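Participant: For the sequence shown, our numbering gives the first residue as 295, with consecutive numbering after it. My questions all concern the structure below.
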Amino acid sequence: MAVITGPDLKELIDYGAVQEMIDPKVQVQMCGIDLTLRKVERLVSMGVVDYDNTERRVSDTKEIPFDGSDWAVLEEGAYLVTFNEVVSIPRNLAATASPRSSLLRCGASIETAVWDPGYKGRSQSLLVIYNPSGLRLKKNARLMQLVFQHLSGAAEKVYSGTYQGENL
295 MAVITGPDLK ELIDYGAVQE MIDPKVQVQM CGIDLTLRKV ERLVSMGVVD YDNTERRVSD
355 TKEIPFDGSD WAVLEEGAYL VTFNEVVSIP RNLAATASPR SSLLRCGASI ETAVWDPGYK
415 GRSQSLLVIY NPSGLRLKKN ARLMQLVFQH LSGAAEKVYS GTYQGENL
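In structure tokens form, the structure reads like this:
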């Protein structure tokens, strides 16, 4: 799979693959698009994952409010983050993401899954803070870079799971 860059990346943006960016001039990078922080939630209950999702139960969460200056102070631990941008993956592409290096240098990382062809939504990822001193995050902080890749051919079927249209 080839990473989409340059004019092809701009064409994807024009197509609407990533909408509601705060500032495309800042967020569009050489090899992808930075996704920004909309909301942070702490995981507060046990989750359940099974084979066929008949017994699946995602963990309950409690929102961490931003203070009057739009900062959230987070302790070491795992958090669910929601991004500002709406992602819409065409059927001939998939996307993956990596944390921005500044986040890593602060002792935190982002865990993600693959964005399948046909997915559309305001995505969420797992923020893990390993730093025992915690982390301060400002609302709209750029947390990770979404990278689009061509598939070897158009997908035979598109994503139609539980998270289709999430947070819209």
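Ideal Cβ placement from N, Cα and C applies to all residues, glycine included. If you're wondering where the values come from, they're calculated on a predicted model, not measured in any experiment.
1. Please give me, in chain order, every unbroken run of the beta strand (DSSP E) with length at least 3 that falls completely inside the stretch 323-407.
2. Can you list, in chain order, the residues of its chain with a C-beta nearer than 7 Å to that of R351? Leave out the 5 residues immediately preceding and following it.
3. By a C-beta neighbour count over all protein chains shown, 10 Å radius and 16 as the cutoff for buried, is W365 buried or exposed?
4. Using CA atoms only, rank isn't needed, just tell me which of E450, V452, I383 is closest to L303.
5. In whole angstroms, what is the alpha-carbon distance linking T438 and V408?
6. Taking only the alpha-carbon atoms, compute the straight-line gap between C400 and Y309 and give it to the nearest angstrom.
7. Near D344, which residues of its chain fall below 7 Å by C-beta distance, leaving aside the five closest residues on each side in sequence?
8. If you follow the beta strand (DSSP E) that Q418 is in, where does it begin and where does it stop?
9. Span of the alpha helix (DSSP H) holding Q321?
10. Ordered along the chain, which non-local residues of its own chain (more than five positions away) have a Cβ less than 6 Å from that of G326?
11. Can you tell which of L387, I316, L329 has the C-alpha that lies nearest to the C-alpha of A449?
12. Give me the residue from V338, E357, I358, N378 with the minimum Cα distance to N434.
13. Give the C-beta separation of H444 and A296 to the nearest angstrom, bearing in mind that I take them to be a contact with Cβ-Cβ under 8 Å.
Facilitator: Quick answer:
1. 327-337, 355-357, 365-368, 371-377, 380-382, 387-393, 402-405
2. G341, V342
3. exposed
4. I383
5. The sequence shown places Met at residue 438, rather than the Thr named in the question. Distance between the alpha carbons of M438 and V408 is about 14 Å.
6. 35 Å
7. R350
8. 418-423
9. 318-321
10. Q439, L440, V441
11. L387
12. N378
13. 5 Å
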